[in-house]
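With our numbering, the residue at position 172 of the sequence shown is 193, and numbering never jumps. Cβ atoms here follow ideal geometry from the backbone N, Cα and C, with glycine treated the same way. Please read all numbers here as calculations on a predicted model, not as lab measurements. Following: one structure in structure tokens, then a few remarks.
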Amino acid sequence: MADAPKSATLTIGDNSYDLPIHSPTAGPDVVDIRKLYGQAGVFTYDPGFTSTASCDSTITFIDGDEGVLLHRGYPIDQLASKSHYLEVCYLLLYGNLPSAAQLEEFESLVTNHTMLHEQMQYFYRGFRRDAHPMAIMTGVVGAMSAFYHDSTDIHDAHQREVASIRLIAKMPTIAAWAYKFSIGQPFVYPRNDLDYASNFLRMCFAVPAEDYEVNPILSRAMDRIFTLHADHEQNASTSTVRLASSSGANPFACIAAGIACLWGPAHGGANQACLEMLKEIGTPDRIPEYIARAKDKEDPFRLMGFGHRVYKNFDPRATVMKQSADEVLDLLGVENNPVLAVAKELEAAALADPYFSEKKLFPNVDFYSGVILEAMGFPTSMFTPIFALSRTVGWISQWKEMIADPQNKIGRPRQLYQGETTRDYVDIENR
Ligand code: SDX
Numbered sequence: 022m023a024d025a026p027k028s029a030t031l032t033i034g035d036n037s038y039d040l041p042i043h044s045p046t047a048g049p050d051v052v053d054i055r056k057l058y059g060q061a062g063v064f065t066y067d068p069g070f071t072s073t074a075s076c077d078s079t080i081t082f083i084d085g086d087e088g089v090l091l092h093r094g095y096p097i098d099q100l101a102s103k104s105h106y107l108e109v110c111y112l113l114l115y116g117n118l119p120s121a122a123q124l125e126e127f128e129s130l131v132t133n134h135t136m137l138h139e140q141m142q143y144f145y146r147g148f149r150r151d152a153h154p155m156a157i158m159t160g161v162v163g164a165m166s167a168f169y170h171d172s173t174d175i176h177d178a179h180q181r182e183v184a185s186i187r188l189i190a191k192m193p194t195i196a197a198w199a200y201k202f203s204i205g206q207p208f209v210y211p212r213n214d215l216d217y218a219s220n221f222l223r224m225c226f227a228v229p230a231e232d233y234e235v236n237p238i239l240s241r242a243m244d245r246i247f248t249l250h251a252d253h254e255q256n257a258s259t260s261t262v263r264l265a266s267s268s269g270a271n272p273f274a275c276i277a278a279g280i281a282c283l284w285g286p287a288h289g290g291a292n293q294a295c296l297e298m299l300k301e302i303g304t305p306d307r308i309p310e311y312i313a314r315a316k317d318k319e320d321p322f323r324l325m326g327f328g329h330r331v332y333k334n335f336d337p338r339a340t341v342m343k344q345s346a347d348e349v350l351d352l353l354g355v356e357n358n359p360v361l362a363v364a365k366e367l368e369a370a371a372l373a374d375p376y377f378s379e380k381k382l383f384p385n386v387d388f389y390s391g392v393i394l395e396a397m398g399f400p401t402s403m404f405t406p407i408f409a410l411s412r413t414v415g416w417i418s419q420w421k422e423m424i425a426d427p428q429n430k431i432g433r434p435r436q437l438y439q440g441e442t443t444r445d446y447v448d449i450e451n452r
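In structure tokens form, the structure reads like this:
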């Protein structure tokens, strides 16, 4: 006989309420509280959503205690070593690894949509030269809804597919042009004879004055960084995209909202903040000073690139990123990189300190990525745009899943109100 459906009983005063429990294919059970307010007249309370599942999903699974990250069931370390970014994009978007023919068709589709509408370049000229590239990306991606009207109807499956391909294909061009604009160099157009990562590197680093040959070491490292950042369950920026999409907003506006959220130093902005922190530390002998600051409750300083809301053992992406940092810097002949030396000493010192081990704080995906990106020639201001470029496929995959979910409705959390109760207006002469 099938197991009886599980439920939880909540007792409030003299009343008890049965709440259904749903079991996943992996991870914790969930207590379904959707009817609680209607039955018991109470809200649940979970600032930061530390114990709240916001949706059903089949895309990415994370086990924070075991350091597991699966994309459609495939472990991230296998994808990072055996696959490549556009194949991972296909996997995230469509649920399974593609056949050779399916992959060829998908890569051709993406390759042939990398150019922007020619007029979009004029948006860049509206920014100051010293604008942060994330400000430019937020603006230009949002502006795509003013150009690509034929892929904004979220109820049309074909338009959703067109918008998905356009965003994945054009994000490297948008990010590279934000970089070129910030350094006063001319925009470099994408080329159809280059793979995704090589195209991005060429658009960033080529100049009209000379030929540019993509270093295969750099393009492989770039592709791996894209893969390691592709999706990550219901993180802050993905939840932003889902919440924005729940109102029926068009995909370009929703992805622009995700970019804005990712920019924060507690989230995707941590890779820039981490490298700036490593450079501020400068030499291993100053590490104890910064460890002490990170532990001091009176000091707002935190170790950037350390800690994670979900991973409480290790971040499997950081493990791959650390290996890649060693390989790339060695192959580039900068294995004696002082910043990498500080990063490794800082990691060892922090992990040996009870404060960090007790609070389960250790390097996350952002700790080593900046070291690689700087060695590849990127300024710190381009680190988060590269994260946004990589995560676009994750945002889009989660967006498509949500739109197709029959349970999809506008997201509208409630609150624990702590303000004034009703009081009458007092005329100014009587105050
Ligand atoms: C990303 O969600 C995702 O999946 C995100 C991401 C993705 O792929 O989308 O993985 C990408 O955002 C990675 C995280 C990048 N951020 C940073 O590296 C910034 C530094 N880290 C912290 O800001 C923090 O660890 C968070 C934001 C990452 C996690 O914060 P939580 O889960 O809310 O944890 P918390 O702030 O409640 O911290 C718990 C304790 C606190 O001390 P107590 O109040 O218990 O005494 O640990 C301390 C914190 O003060 N703490 C740190 C610390 N991180 C947490 N102390 C020093 N240095 C740190 N980095």
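A straight-line Cα-Cα distance of about 6 Å links L113 and S418. Using a cutoff of 7 Å, the CB of F221 does not count as near the ligand SDX, since none of the ligand's heavy atoms is closer than that. Look at the region 75–120 and you find these whole runs of alpha helix (DSSP H), each 4 residues long or longer: 97–103, 106–115. In this structure, the C-beta of M325 approaches the ligand SDX to less than 7 Å from one of its heavy atoms. Remark: the shortest separation between the CB of N256 and any heavy atom of the ligand SDX falls under 7 Å. Residue environment: K343 is assigned as buried (16 or more neighbouring CB atoms within 10 Å of its CB, all protein chains considered). Spanning the alpha carbons of M136 and A167 requires a straight line of approximately 16 Å. A buried status is given to Y311, since no fewer than 16 other beta-carbon atoms sit within 10 Å of its beta-carbon. Judged by DSSP in its simplified three-state form, L296 adopts helix.
Fewer than three beta-carbon pairs drawn from the region 193–206 and the region 299–307 are found closer than 8 Å, and the two stretches are therefore not classed as touching. Spatial neighbours of V89 in its own chain (CB-CB distance under 8 Å, excluding positions within 5 residues in sequence) are listed in chain order as F82, I83, P96, P337. The ligand SDX approaches P286 closely enough that one of its heavy atoms is under 7 Å from the residue's Cβ. With a threshold of 7 Å, the Cβ atom of N334 does not count as near the ligand SDX, since no heavy atom of the ligand is closer than that. F327 is bridged by DSSP to P384. In terms of side-chain proximity, the C-beta atom of N385 is found nearer than 7 Å to a non-hydrogen atom of the ligand SDX.
With fewer than 16 other Cβ atoms from the protein chains shown falling within 10 Å of its own Cβ, L437 counts as exposed.
L249 is the residue among A313, P309, L249, A369 whose C-alpha sits nearest the C-alpha of S345. In this structure, the C-beta of G289 approaches the ligand SDX to less than 7 Å from one of its heavy atoms. Q206 carries a coil assignment under DSSP once its states are collapsed to helix, strand and coil.
DSSP places S72 outside both helix and strand once states are collapsed to three, so it counts as coil. Below 8 Å, enough C-beta pairs join the region 232–246 and the region 210–220 to call them touching: three or more. Between the alpha carbons of D320 and R314 lies a distance of about 6 Å. Taking the Cα of Q206 as reference, the smallest distance to any Cα among L296, T413, P229 is reached at P229. Between V162 and A277, the C-beta spacing is below 8 Å. For the ligand SDX, no non-hydrogen atom lies closer than 7 Å to the CB of G85.
In the displayed model, D39 falls within a strand according to three-state DSSP. Counting along the chain, L352 sits inside no beta strand (DSSP E); it lies in the alpha helix (DSSP H) bounded by residues 337–352. Of all alpha-carbon atoms in L394, K316, E368, the one lying nearest the alpha-carbon of V349 is that of L394. Within 7 Å of the C-beta of G62 there is not a single heavy atom belonging to the ligand SDX. Distance from A257 to C275 at the Cβ level is roughly 14 Å; contact not present, criterion being Cβ atoms closer than 8 Å.
As computed with DSSP, I33 is found in a beta bridge with N36. Across the structure, P286 and Q60 are spaced so that their CA atoms are roughly 40 Å apart. Looking only at D177, D174, L222, the smallest Cα-Cα distance to M192 is reached by L222. Within the model, the alpha-carbon separation for I54 versus A152 is close to 45 Å. The closest heavy atom of the ligand SDX lies 7 Å or more from the beta carbon of H92.
Under DSSP, H134 takes part in no beta bridge, so it has no partner.
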